[in-house]
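Visitor: In order, the protein sequences belong to chains R and G. Residue numbering for the first sequence follows the working numbering, starting at 1 and increasing by one per position. Residue numbering for the second sequence follows the working numbering, starting at 276 and increasing by one per position.
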Amino acid sequence: MKYFRSCRIAAILLIASFSAAEEFPKLSRHYLHLDMGAAYGNFRDTGTSPLRYQGFTAASTAGFLSANPEFRWGLRTDIFYTAGIAANAYLLHSFYCASDVFYLRRIPPLSAKGLDFFAGPALSGLTAFTINDAYQNAMVNVDIFSGLFLRSQLQYAFKRPEWGKKLAFLRLQRPARDYVLAFRLDIPVLRLNIRPEFPYVLNGTQTDIEKIFSRHFFAGGLQLQSRLGLTRFLKNGNAIETAYVWEMISTGRRDIYLLESARHALVFAFYFRLN
Amino acid sequence: MRNKRLTRSSVFIAVLLLLNSCEYIFFKPIPSCSAPGTFEYLWSKVDEQYAYFDVKNVDWDAVYSRYSAKIRDDISEDSLFFYLGSMLNELRDGHVNLFSEFNVSRFDITLLGPQNLDYRLVKEHYLGNDFYTTGPFQHNFIAGGRAAYIRYASFSSGFTNDNIRFILDRYKDTGGLVLDLRQNGGGYLSGVYQLLSHFITTETPVYKTCIKSGPDHNAFSDTEPVYIAPFDTLLAYSAPVAVLIDRGSYSASSMFSLAAIALDNMFLVGDTSGGGLGMPNGGQLPNGWTYRFSITRTLSLDDNNYENGVPPDILAFLDPADKALGLDTVIEAALDSLLGP
Numbered sequence: 001m002k003y004f005r006s007c008r009i010a011a012i013l014l015i016a017s018f019s020a021a022e023e024f025p026k027l028s029r030h031y032l033h034l035d036m037g038a039a040y041g042n043f044r045d046t047g048t049s050p051l052r053y054q055g056f057t058a059a060s061t062a063g064f065l066s067a068n069p070e071f072r073w074g075l076r077t078d079i080f081y082t083a084g085i086a087a088n089a090y091l092l093h094s095f096y097c098a099s100d101v102f103y104l105r106r107i108p109p110l111s112a113k114g115l116d117f118f119a120g121p122a123l124s125g126l127t128a129f130t131i132n133d134a135y136q137n138a139m140v141n142v143d144i145f146s147g148l149f150l151r152s153q154l155q156y157a158f159k160r161p162e163w164g165k166k167l168a169f170l171r172l173q174r175p176a177r178d179y180v181l182a183f184r185l186d187i188p189v190l191r192l193n194i195r196p197e198f199p200y201v202l203n204g205t206q207t208d209i210e211k212i213f214s215r216h217f218f219a220g221g222l223q224l225q226s227r228l229g230l231t232r233f234l235k236n237g238n239a240i241e242t243a244y245v246w247e248m249i250s251t252g253r254r255d256i257y258l259l260e261s262a263r264h265a266l267v268f269a270f271y272f273r274l275n
Numbered sequence: 276m277r278n279k280r281l282t283r284s285s286v287f288i289a290v291l292l293l294l295n296s297c298e299y300i301f302f303k304p305i306p307s308c309s310a311p312g313t314f315e316y317l318w319s320k321v322d323e324q325y326a327y328f329d330v331k332n333v334d335w336d337a338v339y340s341r342y343s344a345k346i347r348d349d350i351s352e353d354s355l356f357f358y359l360g361s362m363l364n365e366l367r368d369g370h371v372n373l374f375s376e377f378n379v380s381r382f383d384i385t386l387l388g389p390q391n392l393d394y395r396l397v398k399e400h401y402l403g404n405d406f407y408t409t410g411p412f413q414h415n416f417i418a419g420g421r422a423a424y425i426r427y428a429s430f431s432s433g434f435t436n437d438n439i440r441f442i443l444d445r446y447k448d449t450g451g452l453v454l455d456l457r458q459n460g461g462g463y464l465s466g467v468y469q470l471l472s473h474f475i476t477t478e479t480p481v482y483k484t485c486i487k488s489g490p491d492h493n494a495f496s497d498t499e500p501v502y503i504a505p506f507d508t509l510l511a512y513s514a515p516v517a518v519l520i521d522r523g524s525y526s527a528s529s530m531f532s533l534a535a536i537a538l539d540n541m542f543l544v545g546d547t548s549g550g551g552l553g554m555p556n557g558g559q560l561p562n563g564w565t566y567r568f569s570i571t572r573t574l575s576l577d578d579n580n581y582e583n584g585v586p587p588d589i590l591a592f593l594d595p596a597d598k599a600l601g602l603d604t605v606i607e608a609a610l611d612s613l614l615g616p
């Protein structure tokens, strides 16, 4: 009973401290966003091959974004697929499923009129499945990566002025439009990796699933993610973004077998305003 | 205005180009795909991961000395394949292969002993014309209906529990079964567990297993028993089962033979099995060829390593004199044990 009372008091204090500390402007706009993109990806897992597989990659994202002049938060889920070829003969399929949640605050000393700098934490989880039927019992692999990132976003908002011209009978007109050019970079603070153990494959002679899934847990490696995007706001409050996304993972020296993966994608995102 | 736009576009394109090759700053270079580079890579992989150097009695450093002298930069692809394949065959292991677009290297374990099966003889004098085919199994009554013969040619051919239930129900009143795994070269290990689950009434340990845990030749994980759970405790077949094996009974068939040792109602008849009790791991070489070799050990419950073959309880070989009389010596030896001479 005493324990529950303590918990209740702690919860009340926590909520009260949030309310006191934050006086958020009530201008938050909520968006549901859907992204689609395709481009180039590469993949190398030295547990199975020293070769780098390179090829086509396609990605799709769904997420929620709450944006405000002072802060923004959101969550998203990505699914992307890469078909890579090496030695002109071998095809590797790589499926990634990633999700992240972030909270960014505007940093006034680093911001100016029209130019805003946001920074904050982003928590990310990624599961990678790879299939290459040339590798016999090692043809399927699963890796899990999770990390805490320092996400920074520099954005420049500008307005394209209205433009009009009369040409004989034609009246050409282009209305004023709002744009935001934004560059986002995620730098890892803490990364945790779950990768296959030394022999790389599972002990298939074992029937106990728990014993089969012996994995290699380690912290470290490098994972960088960047996004350079131009967002155009529509009259109805929705927005369209064209972005260039670059992501890379290198599991680093603590990994028994190094994994290196990168993708570059040209992404089109649609933001549907919810409020 | 135009200049401003041009500058903005240039900066945007420059950033894109910069990012496009960014990861290569952090990525390690790819090892050489030259003939010596490929040889070094394969030799090291085997050195660090292969599970049976002691059982095969192979000095892998001596193998390196012998073969490295033959691998030059200007060697042809065919010759490189020949030398790498020969090097792998020093392990005398049917689970070791090298694959290229033009050839596959192999060590044919079946040639280590006679083919102890004449299927024509079996069909003519045991299965008959009215045999049943249930899934991948051919089966029929033999010895005047007092026993049953079941032929299973490959663990690569899957089956259902209903297949097994039908067969065991058909022969439930016989004095025993002859399960013929001769020349069964293996396949899916799950088939071993599935088949065995119909012959046990309690969760039963059948063998022990461990997996390589480091680059040292003797670095293995702890040895752990593997259990098989019964499919149905009431319907399990309890009469004796003679499992026929020969040198062609490899991999999953040898696993089945090893598990049979652990079961009270099963015994092995024929020649020593082919072995192949390790799970093969696969990978790729710097020149694009792929390979596989064993990285686990499977031991009997009393810690014997039968990688080179599981010995039969009753040694029996096809006898030409018996063949002339329409008798399969191995099946007859099994029937003698099942039903008495």
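Just so it is clear, CB atoms sit at the ideal spot from N, CA and C, and this is done for glycine as well. Note that the coordinates shown come from a computational prediction; the quantities given were computed from them, not determined experimentally.
1. Nearest CA to the CA of Lys345 (chain G): which residue from G:Pro311, G:Arg522, G:Leu456 and G:Val544?
2. In terms of residues, what are the limits of the beta strand (DSSP E) holding Ala83 (chain R)?
3. Counting Cβ pairs, one atom from each stretch, are 3 or more of them under 8 Å apart for the stretch 295-307 of chain G and the stretch 535-555 of chain G?
4. Rounded to the nearest angstrom, how far is the Cβ of Ile384 (chain G) from that of Leu456 (chain G), given a contact under 8 Å?
5. Can you list, in chain order, the residues of its chain with a C-beta nearer than 8 Å to that of Lys287 (chain R)? Leave out the 5 residues immediately preceding and following it.
6. Counting contacts by CB-CB distance shorter than 8 Å, is Arg52 (chain R) in contact with chain G?
7. Taking the DSSP output, what are the residues bridged to Asn193 (chain R)?
8. Look up Phe568 (chain G) in the DSSP assignment and say whether it is helix, strand or coil.
9. Which one of R:Ala219, R:Tyr200, R:Ser60 and R:Arg174 has the shortest CA to CA distance from Pro161 (chain R)?
10. Strictly below 8 Å CB to CB, what residues from chain R border Pro561 (chain G)?
11. Hey, could you find the ends of the alpha helix (DSSP H) Gly243 (chain G) is sitting in?
12. Give a yes or no on contact between the stretch 110-119 of chain R and the stretch 149-157 of chain R, applying the rule of three or more CB pairs nearer than 8 Å.
13. Relative to chain R, which residues along the stretch 561-578 of chain G have a C-beta separation below 9 Å, given in chain order?
14. Please state whether DSSP places Gly419 (chain G) in a helix, a strand or coil.
15. Taking contact to mean 3 or more Cβ pairs, one atom from each stretch, closer than 8 Å, check whether the stretch 425-434 of chain G and the stretch 407-415 of chain G are in contact.
16. Comparing the C-beta of Lys331 (chain G) with each C-beta of chain R, is any distance below 8 Å?
17. In angstroms, rounded to a whole number, what distance separates the CA positions of Glu22 (chain R) and Lys320 (chain G)?
18. Under a CB-based cut-off of 8 Å, is Asn376 (chain G) close to chain R?
19. Pull up the distance between the alpha-carbon of Ile570 (chain G) and that of Gln324 (chain G), whole angstroms please.
20. Give a yes or no on whether the minimum CB-CB distance between Val501 (chain G) and chain R is below 8 Å.
21. Helix or strand or just coil, what does DSSP make of Phe531 (chain G)?
22. I believe Gly450 (chain G) touches Ala527 (chain G) by the beta-carbon criterion, under 8 Å. Please report the beta-carbon distance rounded to the nearest angstrom.
23. If you reduce the DSSP assignment to three classes, tell me which class Phe43 (chain R) lands in.
24. Using the Cα positions of Ile589 (chain G) and Gly360 (chain G), report the straight-line distance between them to the nearest angstrom.
25. Are the stretch 381-400 of chain G and the stretch 561-578 of chain G touching, with three or more C-beta to C-beta distances below 8 Å?
26. Would Gly557 (chain G) pass as an interface residue toward chain R - the criterion being a Cβ-Cβ separation below 8 Å?
27. Just reading off the alpha helix (DSSP H) that Lys331 (chain G) is part of, what are its end residues?
28. Can you pull out the residues from the stretch 503-515 of chain G whose beta carbon lies closer than 9 Å to at least one beta carbon of chain R?
29. What is the rounded straight-line gap between the Cα of Asp603 (chain G) and the Cα of Pro411 (chain G)?
30. Give me the subset of the stretch 245-257 of chain R whose CB atoms are less than 8 Å from a CB atom of chain B, sorted by chain position.
31. Counting only beta-carbon separations shorter than 8 Å, does Leu317 (chain G) have a partner in chain R?
32. Is it true that the CB of Gly164 (chain R) sits closer than 8 Å to the CB of Ser146 (chain R)?
33. Considering only residues of the same chain and omitting the five flanking positions on each side of Ala494 (chain G), which have a CB-CB separation below 6 Å?
34. Take the Cβ of Glu607 (chain G) as the centre, count every other Cβ of all protein chains shown within 10 Å, and call the residue buried at 16 or more, exposed below.
35. With DSSP run on the structure shown, which of helix, strand or coil describes Ala10 (chain R)?
36. For the beta strand (DSSP E) that contains Gln54 (chain R), what are its first and last residues?
Guide: Looking at the coordinates:
1. Stepping through the second sequence from its first residue, residue 345 (chain G) is reached at position 70. Nearest option by C-alpha distance: G:Pro311.
2. Position 83 of the first sequence holds residue 83 (chain R). First-last of the beta strand (DSSP E) with Ala83 (chain R): Phe71 to Ala86.
3. Taking a cut-off of 8 Å for Cβ pairs, the stretch 295-307 of chain G and the stretch 535-555 of chain G do not touch, as fewer than three such pairs fall below it.
4. The residue labelled residue 384 (chain G) in the question sits at position 109 within the second sequence. The residue labelled residue 456 (chain G) in the question sits at position 181 within the second sequence. About 14 Å separates the beta carbons of Ile384 (chain G) and Leu456 (chain G), which is beyond the 8 Å limit, so they are not a contact pair.
5. No answer is possible for residue 287 (chain R): it lies beyond the span of chain R, which begins at 1 and ends at 275.
6. Here residue 52 (chain R) refers to the residue found at position 52 when the first sequence is read from its first residue. So yes, Arg52 (chain R) belongs to the interface.
7. Within the first sequence, the letter at position 193 stands for residue 193 (chain R). According to DSSP, Asn193 (chain R) bridges with R:Phe145 and R:Phe218.
8. Taking the first residue of the second sequence as position 1, residue 568 (chain G) is located at position 293. Here Phe568 (chain G) carries a strand assignment [DSSP, helix/strand/coil].
9. On the first sequence, position 161 is the one that residue 161 (chain R) refers to. If you compare the alpha carbons of R:Ala219, R:Tyr200, R:Ser60 and R:Arg174 with that of Pro161 (chain R), the shortest gap goes to R:Arg174.
10. In the second sequence, the residue the question calls residue 561 (chain G) occupies position 286. For the C-beta of Pro561 (chain G), the chain R residues within less than 8 Å are, from N- to C-terminus, Pro50 and Leu51.
11. There is simply no residue 243 (chain G) to check, as chain G begins at 276 and stops at 616 in what is shown.
12. The stretch 110-119 of chain R, when compared against the stretch 149-157 of chain R, does touch it at the 8 Å Cβ threshold.
13. Listed in sequence order: Pro561, Asn562, Gly563, Trp564, Thr565, Tyr566, Arg567, Ile570, Thr571, Arg572 and Thr573.
14. Here residue 419 (chain G) corresponds to residue number 144 of the second sequence, with the count starting at 1. Correct three-state label for Gly419 (chain G): helix.
15. Yes, they touch.
16. As a position in the second sequence, residue 331 (chain G) is number 56, starting the count at 1. Not an interface residue.
17. Reading the first sequence from its first residue, position 22 is the one you call residue 22 (chain R). Reading the second sequence from its first residue, position 45 is the one you call residue 320 (chain G). Note that Glu22 (chain R) scores 42 on pLDDT, short of 50, meaning its location in the model is unreliable and no value can be drawn from it.
18. Translated into positions along the second sequence, residue 376 (chain G) becomes position 101. Asn is not the amino acid found at residue 376 (chain G); the sequence shown has Glu there. At least one beta carbon of chain R lies nearer than 8 Å to the beta carbon of Glu376 (chain G).
19. As a position in the second sequence, residue 570 (chain G) is number 295, starting the count at 1. As a position in the second sequence, residue 324 (chain G) is number 49, starting the count at 1. If you take the alpha carbons of Ile570 (chain G) and Gln324 (chain G), they lie about 6 Å apart.
20. For the purposes of this step, residue 501 (chain G) is identified with residue 226 of the second sequence, where counting begins at 1. It does: the Cβ of Val501 (chain G) has a partner Cβ on chain R nearer than 8 Å.
21. Locating residue 531 (chain G) in the second sequence gives position 256, counting from the first residue. Shown here, Phe531 (chain G) sits in a helix according to DSSP, grouped into three states.
22. Along the second sequence, one-based indexing puts residue 450 (chain G) at 175. Along the second sequence, one-based indexing puts residue 527 (chain G) at 252. Not quite, the Cβ-Cβ distance comes to about 28 Å (not below 8 Å), so this is no contact.
23. Here residue 43 (chain R) refers to the residue found at position 43 of the first sequence. The three-state secondary structure of Phe43 (chain R), taken from DSSP, is strand.
24. Your numbering for residue 589 (chain G) matches position 314 in the second sequence. Your numbering for residue 360 (chain G) matches position 85 in the second sequence. Going by the C-alpha atoms only, they are around 36 Å apart.
25. No, the stretch 381-400 of chain G does not touch the stretch 561-578 of chain G.
26. Numbered from its first residue, the second sequence carries residue 557 (chain G) at position 282. Taking a beta-carbon distance threshold of 8 Å, Gly557 (chain G) counts as an interface residue toward chain R.
27. As a working note, residue 331 (chain G) is residue 56 in the second sequence. For Lys331 (chain G), the enclosing alpha helix (DSSP H) covers residues Phe328 to Lys331.
28. If the cut-off is 9 Å between Cβ atoms, the stretch 503-515 of chain G has Ile503 and Ala504 near chain R.
29. Here residue 603 (chain G) is taken as the residue at index 328 of the second sequence, counted from 1. Here residue 411 (chain G) is taken as the residue at index 136 of the second sequence, counted from 1. Going by the C-alpha atoms only, they are around 22 Å apart.
30. Protein chains in the displayed structure are R and G, and chain B is not among them.
31. Position 42 of the second sequence, counting from 1, holds the residue named residue 317 (chain G). So, not an interface residue.
32. Along the first sequence, read from residue 1 onward, the residue named residue 146 (chain R) stands at position 146. Along the first sequence, read from residue 1 onward, the residue named residue 164 (chain R) stands at position 164. Against a cut-off of 8 Å, the Cβ pair of Gly164 (chain R) and Ser146 (chain R) comes out as no contact.
33. As a working note, residue 494 (chain G) is residue 219 in the second sequence. Ser488.
34. By one-based count along the second sequence, residue 607 (chain G) stands at place 332. Label assigned to Glu607 (chain G): buried.
35. As a working note, residue 10 (chain R) is residue 10 in the first sequence. With a pLDDT of 40 at Ala10 (chain R), under the threshold of 50, the modelled position of this residue cannot be trusted; read the value that follows with caution. The answer is helix: DSSP assigns Ala10 (chain R) an H, G or I state.
36. Translated into the one-based positions of the first sequence, residue 54 (chain R) becomes position 54. The continuous beta strand (DSSP E) containing Gln54 (chain R) extends over residues Tyr53 to Ala67.
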